[in-house]
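Some notes on the structure that comes next.
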């Protein structure tokens, strides 16, 4: 799956991406949760190490095409 396809999937859906664990995980990597990291992490049961992993994955995803999305 291309990076652009993943961005479009997350950006142009009518779904609440924070509701489902898998959607929230994917959105975290693609766009990050900005100021909502703690809220989404609590809702999804993510511990600090998973949040750290997801933040790093988000930075790496953003670097795929040189766009800063962090």
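Residue numbers (the working numbering): 909 to 978. For glycine and all other residues, C-beta sits at the position ideal for the given N, C-alpha and C.
Spatial distance of residue 961 from residue 969 (CA atoms): Their Cα atoms are separated by approximately 12 Å.
6 Å Cβ shell around residue 941 - same chain, five flanking residues per side excluded: 948
Member of 964, 953, 965 and 966 whose CA lies at the smallest distance from the CA of residue 929: 953
Buried versus exposed, by CB contacts within 10 Å (16 or more), residue 920: exposed
Residue 930, DSSP secondary structure in three states: helix
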